[in-house]
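J.: Dropping the structure in here first, questions after.
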């Protein structure tokens, strides 16, 4: 998947040889530094770390299902 296909706020499975020992991690496209795609970063879920999209290989969209027990717990 190309970095040009990224959607702000979307979650993706990604990996980077520079970060996390090349392990796959979930990242979110962040516009915290600006709405223009030149300013987008990839935020690592559960941290305050932001990286440039060019540092990661985007594998696929991360889709998570919410089962009924989680939905009821949230209500």
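Numbering (this note's numbering), first residue to last: 103 to 177.
Ideal Cβ positions, reconstructed from N, Cα and C, are used throughout, including at glycine.
This one's a predicted model, so the numbers in the text were calculated from it and none came from an experiment.
1) Contact defined as beta carbons within less than 8 Å: I believe residue 121 pairs with residue 165. What is the distance between those atoms, to the nearest angstrom?
2) Is the distance from the Cβ of residue 114 to the Cβ of residue 160 below 8 Å?
3) What three-state label does DSSP hand residue 159 in the structure shown?
4) With which residues is residue 153 paired in a DSSP beta bridge?
5) Would the beta-carbon of residue 117 fall within 8 Å of that of residue 126?
T.: The short version:
1) Between residue 165 and residue 121 the Cβ distance is about 23 Å, and since that is not below 8 Å, they are no contact.
2) yes
3) strand
4) 144
5) yes
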